[in-house]
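There are 4 protein chains.
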Amino acid sequence: MPETLFKVDLTKPMHEQEVPGHNRWHPDIPAVVSVNPGDVFRIECKDWTDGQIQDNDDPSDIRDVDLTVVHVLSGPIHVNGAQPGDILVVDLLDIGALPDDEWGFTGIFARENGGGFLTDHFPEAAKACWDLQGIFASSRHIPGVRFAGITHPGLIGCAPSQDLLNTWNARERALVEKGGPPWKPAIPALAELPNPQNAVLGTLKGAEFDRVAAEAARTVPPREHGGNCDIKNLSKGSRIYFPVYVDGAKLSMGDIHFSQGDGEISFCGAIEMSGYIDLHVDIIKGGMEKYGMVNPIFKPGLVEPRYSEYLIFEGISVDEFTGEQYYLDAHVAYRRACLNAIEYLKKFGFTGEQAYLLLSCAPVEGRVSGIVDIPNACCTLALPTEIFDQDMFPT
Amino acid sequence: MPETLFKVDLTKPMHEQEVPGHNRWHPDIPAVVSVNPGDVFRIECKDWTDGQIQDNDDPSDIRDVDLTVVHVLSGPIHVNGAQPGDILVVDLLDIGALPDDEWGFTGIFARENGGGFLTDHFPEAAKACWDLQGIFASSRHIPGVRFAGITHPGLIGCAPSQDLLNTWNARERALVEKGGPPWKPAIPALAELPNPQNAVLGTLKGAEFDRVAAEAARTVPPREHGGNCDIKNLSKGSRIYFPVYVDGAKLSMGDIHFSQGDGEISFCGAIEMSGYIDLHVDIIKGGMEKYGMVNPIFKPGLVEPRYSEYLIFEGISVDEFTGEQYYLDAHVAYRRACLNAIEYLKKFGFTGEQAYLLLSCAPVEGRVSGIVDIPNACCTLALPTEIFDQDMFPT
Amino acid sequence: MPETLFKVDLTKPMHEQEVPGHNRWHPDIPAVVSVNPGDVFRIECKDWTDGQIQDNDDPSDIRDVDLTVVHVLSGPIHVNGAQPGDILVVDLLDIGALPDDEWGFTGIFARENGGGFLTDHFPEAAKACWDLQGIFASSRHIPGVRFAGITHPGLIGCAPSQDLLNTWNARERALVEKGGPPWKPAIPALAELPNPQNAVLGTLKGAEFDRVAAEAARTVPPREHGGNCDIKNLSKGSRIYFPVYVDGAKLSMGDIHFSQGDGEISFCGAIEMSGYIDLHVDIIKGGMEKYGMVNPIFKPGLVEPRYSEYLIFEGISVDEFTGEQYYLDAHVAYRRACLNAIEYLKKFGFTGEQAYLLLSCAPVEGRVSGIVDIPNACCTLALPTEIFDQDMFPT
Amino acid sequence: MPETLFKVDLTKPMHEQEVPGHNRWHPDIPAVVSVNPGDVFRIECKDWTDGQIQDNDDPSDIRDVDLTVVHVLSGPIHVNGAQPGDILVVDLLDIGALPDDEWGFTGIFARENGGGFLTDHFPEAAKACWDLQGIFASSRHIPGVRFAGITHPGLIGCAPSQDLLNTWNARERALVEKGGPPWKPAIPALAELPNPQNAVLGTLKGAEFDRVAAEAARTVPPREHGGNCDIKNLSKGSRIYFPVYVDGAKLSMGDIHFSQGDGEISFCGAIEMSGYIDLHVDIIKGGMEKYGMVNPIFKPGLVEPRYSEYLIFEGISVDEFTGEQYYLDAHVAYRRACLNAIEYLKKFGFTGEQAYLLLSCAPVEGRVSGIVDIPNACCTLALPTEIFDQDMFPT
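Protein chains in written order, with the working numbering: chain A, 13 to 407; chain B, 13 to 407; chain C, 13 to 407; chain D, 13 to 407.
1. Counting pairs of beta carbons, one from the stretch 169-179 of chain B and one from the stretch 231-247 of chain B, are three or more of them closer than 8 Å?
2. Under the three-state reduction of DSSP, which class applies to residue 343 (chain C): helix, strand or coil?
3. May I have the straight-line CA-CA distance separating residue 275 (chain C) from residue 388 (chain D), to the nearest angstrom?
4. Considering just the uninterrupted stretch of the beta strand (DSSP E) at residue 18 (chain A), what are its terminal residues?
5. If contact means a Cβ-Cβ distance below 8 Å, which residues of the stretch 179-194 of chain C contact chain D?
6. Tell me the rounded alpha-carbon separation between residue 212 (chain C) and residue 172 (chain C).
7. Does residue 276 (chain A) come within less than 8 Å of chain B when only Cβ atoms are used?
8. Is there at least one Cβ from chain B nearer than 8 Å to residue 204 (chain D)'s Cβ?
9. Suppose contacts are defined by Cβ-Cβ distances below 8 Å. Is residue 88 (chain B) in contact with residue 55 (chain B) by that definition?
10. Taking residue 124 (chain C) as the query, report the chain D residues whose CB atoms sit under 7 Å from its CB, ordered along the chain.
11. Taking the alpha helix (DSSP H) that residue 74 (chain B) falls in, what are its first and last residues?
12. In chain B, which residues lie less than 7 Å from residue 387 (chain A) when you measure between Cβ atoms?
13. DSSP state of residue 367 (chain C), grouped into three classes?
14. Indicate whether residue 169 (chain C) and residue 53 (chain C) have their beta-carbon atoms separated by less than 8 Å.
15. Considering Cα atoms alone, identify which of A:132, A:383 and A:291 is closest to residue 105 (chain A).
16. Any heavy atom of the ligand FMN closer than 7 Å to the Cβ of residue 406 (chain A)?
17. DSSP state of residue 231 (chain A), grouped into three classes?
18. Roughly how many angstroms lie between the CA atoms of residue 141 (chain A) and residue 371 (chain B), to the nearest whole one?
19. Just to confirm before moving on: does the CB-CB distance between residue 278 (chain C) and residue 129 (chain C) stay below 8 Å?
20. If you run the structure through DSSP and keep just helix, strand and coil, what is residue 300 (chain C)?
21. Where residue 134 (chain B) and residue 335 (chain A) are concerned, what is the direct C-alpha to C-alpha distance, given to the nearest angstrom?
22. Going along chain B, which residues have a C-beta under 8 Å from residue 136 (chain D)?
23. Listed from N- to C-terminal order along the chain, which residues in the stretch 290-314 of chain B have their beta-carbon within a distance smaller than 8 Å of any beta-carbon of chain C?
24. If residue 98 (chain C) sits next to residue 300 (chain C), beta carbons under 8 Å apart, how far is it from one beta carbon to the other, in whole angstroms?
25. So, at 7 Å on beta carbons, what are the nonlocal neighbours of residue 311 (chain A) in its own chain, with the 5 sequence-adjacent residues on each side left out?
26. Checking the sheet assignment: what are the DSSP bridge partners for residue 143 (chain A)?
27. Please tell me whether residue 28 (chain D) has its Cβ less than 8 Å away from any Cβ of chain B.
28. Quick check on DSSP: helix, strand or coil for residue 190 (chain B)?
29. Sorted by chain position, which residues of the same chain lie with C-beta nearer than 7 Å to residue 399 (chain D)'s C-beta, five sequence neighbours on each side aside?
30. Helix, strand or coil for residue 4 (chain A) per DSSP?
31. What are the partner residues of residue 91 (chain C), as DSSP defines its beta bridges?
32. Checking contacts by CB at 8 Å: is residue 52 (chain B) closer than that to chain C?
33. Chain B partners of residue 398 (chain D), CB-CB under 9 Å?
34. Closest by CA to residue 331 (chain B), which one among B:122, B:109 and B:132?
35. Does the stretch 216-229 of chain B come within contact of the stretch 197-207 of chain B, defined as at least 3 CB pairs closer than 8 Å?
36. Work out the CA separation of residue 69 (chain D) and residue 350 (chain D) for me, nearest whole Å.
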């Protein structure tokens, strides 16, 4: 077993850990450890909510979750020799649950507190707890399904430079001031701007803490450095190429998902869990310019579960409430594909909430199938039918 | 070989065929043939432009293409016993090129005439011609790549009812009147409204032709009936479940693609070709209500080319020109993922146009990876690296 | 469509074709055509029995088949520049049935005339005819199954040199003289030695015909040149590297299989059909020594049908009649695995003959799983359960 | 983490464990623990040699291994309610290395002590040690390869009845008395008959120990109960259906392989390791007769590594030393395929021993491709080329 360079005590919140991690992005959050190119090591992670959710049948913890706390991350890890402009090569050698914490949860956030992709359809909080048995997950809250997850970190990336951070803050603030598209639900927010409340910034203290907390970016969106990409295929065996923006790269990670569907549609939509990640790191000097890199790129692993039978749902960019036609809007088209799948699943004995939770966390594939056939985008959602214990095809 | 129920003469335009097809959607276009549930038959199709593009090195035919002509379709086929509310089950038993017409083309339309996903980056017309050799395609215009296509009809669907047609026309007209999202390029159009110019409506003539041509929907977008979905996975061996809106279902198809990438991003983006489709049809009575069907659903075939090695590019919903932040905009995010891939390919000896054409037509996977992490959507583009004759990973 | 360099008239036997092929191996059978490295061309093939089997419900044609006629081959093709010691690189660009001959057959040969792997269990002739619809096969003789085939030439290879031919004849004669292993059924023969009866040797005539016919090898076994390997994965998109033994390589092929299971256990065990093959050829000069080549090697294609659910049967090298223990005998072990699968299929409504035919021709995988655990070899047979229209797992 | 029902202390031999397991098969070896149908639990296993092999560069431990000790097994586990004639359903929920023992070894046994498939070609002992990093294995003794293993128990099965045990002993003794096939190497043995030396029989003592030890079967071969099948696809997520021969089934397991090629050709041929297995058990009453079960059957898991590019070697049943022709001998044919692959690998910088070790333990596929084309069997070996860091195709 590789050496564990970041440990977590599941009985304590992140700010009380012996070596605390962080829940904001900022170049000045101190590294917790240094490694060399070629090193192999283990990092432990808490679940993204810092332990706010319980393995029970009461969704009030999902409803009342404090989102100023998220996402609690393990790191930053300083990689010796990494400099701005380099590429940090990260191999995800293994990912798994922590012994004696082998369960996970999927939630629908209430519209008033977090919301999600279909918040206008499912405004109330709901929760499914998952029992993890080896490679399989099953839930007493969604009977009749069992599947192998594509385990991955929902969130992984290097620290931004101060310049990049400033860009993020400026453009997100501008969005909040300008407003969103016509189909934007009234709540929740357009973006989460810097918020010192409940910020955890490693060992920073005092005035330095205050300075950083005031401008550190929230961890919610994916950005140029990677971050909360929620890409379900960043699984065991993947190799990720990260742009490096600061000395030492300052790699952090968390939000481990036992399984997630493309889009992670219910927002708390993966099978969220604590866990560990085994990593190998290396550096490609000057790689960003050499390869024209803006965002991370990656090579997926080769041990993803293999399904061969899918049922695929289509969606087009027409609003389901108003019938309004949107212009090549893949967000609306994917929403319609998801809603079509949910309606279908309801014919097979699932409630709408169960179906919504299931599409969020099962290994469903979401595709941008057609994006040029004006005015309709066509998105598709592919549901692996082998995860069900009944025949799912029309007859 | 199953009986051919719709033949095409490649030397003649669609309106001069012995039995002409159509290039608009309307319930009153007469069926060309009737079949029974359980029948197996072959349908021949012209390429979607009705033969306007030549196998040469001059892209002026792409630049000057007459888009009032598209898409020329084979059908409608009346399925005996199919009634509104039923599901039409269509098995795609085989799809292929026509003997002695085994080539295809991929085009970038000029911004002034058609445009495409990246029209502000690639405003000029371009063309790649493909040589089809069995399961493989290669192009003298994009040396260094060779791949097996996922052959499929870009366009297949049943006729709309008059009510559904009216809905389409109303909502698309409203969009044109209201305008598109901020990132909409100035040209081309937001939508193609009914246009009698060059309409082909089977055997309709005179006043009836004029009435139908005035209100028949253009074939460009996918809609509730399927239509121009451009779903690359509707390939050999697929089973499609179509909603039926009119007596006899009136199934039509065309726009055969030897291969296409998710999104078909350059618009004339697949390897476009003429070809044949072998079909088997059946009916599920009352299936639309039984399964809550709005759009078609399908089960993909099991002989798609199998790649195991991909390089995956990420994109987020930030405008590449202005840096403006969009709210969970998967269109912009996928555009950024495509642009990231193009920049990368340029480092390996491809021109931007070659890369754009390649992402349009090669079997690339486009995913809606994260759609809830406000304010950034995260889309990914997965490029199968085995199609290249060089090592495509960073080193 | 590539130029057809070898045509067949299905209404005539091979020796009456305008350009006859051959059904024996000998270096002096004249080439029918010459091609250059880099050429792409089509070869048509008759079924391996030269049209002896009919699409009907009467297996007497299988029972009475004249096996001195097999296998009728198309070729030889002279590849300009190929010399002994070179590697001939052959790409199988496409393979398919001939239009209007889209059916196939699978047979159990009678023990007295041909036999097969389980001839002591199934001594009577039987036949299943298959209806080919695009990528799928189904049979009125084995209801309840439908599958996509892995289409391939059962037989393909270059001509032997005189020396190699002499080696073949000597060692096979020695076997006939010495006898087989204890589990060898009393009939049929141990090997088929040269036999002039019904020999077809291209355009050879007179004394030259007689000389060659007397020593030409039968086509039944695979040998160093490839030949009747019956490797089901030599399918569309494969690249084969053949050793070259004579000037011009003299490539021949035939025995096209719409589908076959590993082992082709009933001997006439594939879905046998006539058909065409599109090929591309090239040469690696001096490749045999460079790569230490004895037998052909190949890279399989990437459009094989994709199944994910299998039921796997084990067999060990203990005789099913006598209980005798054999030493690491993979032949016996695979036989037991097949018999175990047949017994299982009989519990699901299939007759033994249907099960035997099905394992012969469906895409089952036969594995040498363990070959060192004295004294038992362990072979496994993997049956794709998605080809059945019923649930095939124990409950 | 499921409860661990069998623990191992890696510092002690099996007979000194607090609860010892066993290394022979006999119905009267007492169960170590009882479980109920539906239970989930963990079993720890020592490596098959009981810790005789060290992680170093000296193969003398392989050369001098004491094979009377193998295979040390964990169990038997009594499943409440299981009776002769039932099927025991075993789900392999997870399999992995023990923390802090994450390494493995592959050995070539000396001809004088164990031997292997190619013992006449490689008579000397050799060893490769593997470093396990998450899903990947690499070895300082075979540079240039790295692969993801298909981890599985080489040995798992239920106890035989006394009758079945007697049958085993009788037939194996008869083989030893009768002799093997002509290609059998002079040494090692034909079979391993009961041998009390170093027998470990759980808690049995005294006269009962002596009685059982005298007749207990060695664990080397796979037999009707499963046992040492060395089927590489019995991996994570598999469901195995075992015949039950004694009350409580008495399930045992061991010989965990991080990875193995089909055939496990060098005998000590997998990446051998200690480890754990998480299991779920259930019972199908009366299942053996219902499904005609003789040997176990199984459904493989869906997280096996996915390779798409293979190089496939053929072999036929002609002796490589004498040129003697064997009759449909799949053992000889697979041996020739392996030898062909080894010769090829030697052209790419590997020694023969390295190649032999690699084919033994890497995820290579061994197929019985043709078994009816008298007199030659055709076996194939498929080598996944993505495991190499160089291009492995002929050029």
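Even glycine gets a Cβ: it sits at the ideal position worked out from N, Cα and C.
Walking through what the data contain:
1. yes
2. helix
3. 12 Å
4. 16-18
5. Taking 8 Å as the Cβ-Cβ cut-off against chain D, the residues of the stretch 179-194 of chain C that qualify are 179, 183, 184, 186, 187, 192 and 193.
6. 17 Å
7. yes
8. no
9. The answer is no: Cβ separation not under 8 Å.
10. Chain D residues near residue 124 (chain C): none, gap ~15 Å exceeds 7 Å.
11. 72-75
12. 184, 187, 202, 203 and 233
13. helix
14. no
15. A:291
16. With respect to small molecules bound, the structure shown includes none, and the ligand FMN cannot be examined in it.
17. coil
18. 40 Å
19. yes
20. helix
21. 33 Å
22. Under the 8 Å cutoff, chain B gives no residues; its nearest Cβ is about 37 Å from residue 136 (chain D).
23. Taking 8 Å as the Cβ-Cβ cut-off against chain C, the residues of the stretch 290-314 of chain B that qualify are 290, 292, 313 and 314.
24. 7 Å
25. 250 and 251
26. Residue pairing of residue 143 (chain A) in beta bridges, as defined by DSSP: A:115 and A:150.
27. no
28. When secondary structure is reduced to three states using DSSP, residue 190 (chain B) falls in the helix class.
29. Answer for residue 399 (chain D): 157, 158, 159 and 374, listed in chain order.
30. Absent from the model: residue 4 (chain A). The displayed extent of chain A is 13 to 407, so no value can be given.
31. C:47
32. yes
33. 320 and 321
34. B:132
35. Output reads yes: the stretch 197-207 of chain B touches the stretch 216-229 of chain B.
36. 25 Å
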